[in-house]
Every structure is written in C-alpha cells, then in structure tokens.
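Colleague: If you scroll down you'll find the structure; I have some questions about it.
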Amino acid sequence: MLESIQVKLGFAGNLVVDCVGKGRGLCLLWTDNMKVDLLSYTRFHIEVRIISYGAVVWRLMGFYMEPDAPQRHHSWDLLRRLHGMANLPWLCCGDFNEILNTNDKERGQERPGRSIDNFRTALDQCGLEDLDFKDPRFTRSNKRSGGDHVQERIDRGL
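Per the numbering used here: the sequence shown = residues 820 to 977.
Right, dumping it as structure tokens:
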C-alpha cells in the first residue's frame, strides 16, 4: 500500500519502521533529487544522511516522542546520543508529545513545569532550536467543542 501512495505522490524512495503494539509506525518519503542513506532507526525515530542538489550533505531525523510521560526520559536520552553521532547540519522534526512553553497549549490540564523543562534541557544539550511556525499555531486538537476543546503545539522542526 505504501508503494502505491509513494508513486501516486511522486516520491522516489521510502523507509519504514513498522508499528509496535498500539504505535502506528514511522515512514520517510523522498524525491529523486537527493540521495538518502539510513544512519539509524528505532520505533521512535528514523535518521538519515541526505546529499541534496548541489552536493549539500546534512542529517534529518524524523522523531516520535514516547507517548507515556514517565518514559519520555528514554526519548530524551536517545536524542542526546544521536546528537553526538555525526558532525553534520541537523534537522530534527516530528511529534514530540510535549510543549516548549505554556503558550503552546490552549485549555485542558496544565502540563507539569518539569516536563517542559526536561524538553528544553534536552534541546539545549543537543544544540537544537525551535524553527518556529507559520499558521496554524496548534498541531494537535482533541476535536471536542466549546470549553472542552484542547489544542497543543507538539509537532515541530528543530
């Protein structure tokens, strides 16, 4: 099925990490104007080296943060380990299941400050900075209405 989607959308290649348990798995698609080499993967990330048009070499990591809050330290440790593995420009993007500040969430239960601090600390230690956004402001909604409607910005590029 992925191959038919890949062809329909005009992508030349793909890497897939199959789902584990209730997870949905990960997928990375790319066009034919770049060479993509797999560096590492787990059920929470796909990391590749890209040689793009003009021979620019850089790293891309698609990241999915551990959804279980008490286990997130494992994902932060993974990010720290991978940070030091290659000395190339690095783009890390994906679903981090965490906000960077209180403005990244509208309504709902307040996130513990420690959770936000742990996210910031991991990004600082890896030299990663938020690339900011251009609408929409939030990337996740609980799809409820009225006062029960919660929105968060948990997906980002770093």
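Where is the CB? At the ideal position from N, CA and C, for every residue including glycine.
1. Just the Cα atoms here: how many angstroms apart are Phe863 and His892?
2. Could you check which residue in Gly976, Gly946 and Gly927 has the C-alpha nearest to that of Gly965?
3. For Ile865, which option in Arg963, Trp909, Leu950 and Asp936 has the closest C-alpha, if you only look at C-alpha atoms?
4. Taking 8 angstroms as the threshold (C-beta atoms), are Met884 and Glu917 in contact?
5. Mind checking which residues open and close the alpha helix (DSSP H) that includes Ser894?
6. Could you check which residue in Asp967, Cys912 and Phe938 has the C-alpha nearest to that of Leu950?
7. Taking Cβ positions, are Val855 and Gly832 nearer each other than 8 angstroms?
Modeller: In brief:
1. Along the sequence shown, read from residue 1 onward, the residue named residue 863 stands at position 44. Along the sequence shown, read from residue 1 onward, the residue named residue 892 stands at position 73. Spanning the two alpha carbons is a distance of roughly 13 angstroms.
2. By 1-based counting over the sequence shown, the position of residue 965 is 146. The shortest C-alpha separation from Gly965 is found at Gly927.
3. The count along the sequence shown starts at 1 and reaches residue 865 at position 46. That would be Trp909, whose Cα lies nearest to the Cα of Ile865.
4. Locating residue 917 in the sequence shown gives position 98, where the first residue counts as 1. Locating residue 884 in the sequence shown gives position 65, where the first residue counts as 1. Contact: yes.
5. Here residue 894 corresponds to residue number 75 of the sequence shown, with the count starting at 1. Note, Ser894: alpha helix (DSSP H), Arg891 to His902.
6. The residue labelled residue 950 in the question sits at position 131 within the sequence shown. Measuring from the Cα of Leu950, the nearest candidate turns out to be Cys912.
7. The count along the sequence shown starts at 1 and reaches residue 855 at position 36. The count along the sequence shown starts at 1 and reaches residue 832 at position 13. A contact, by the Cβ cut-off of 8 angstroms.
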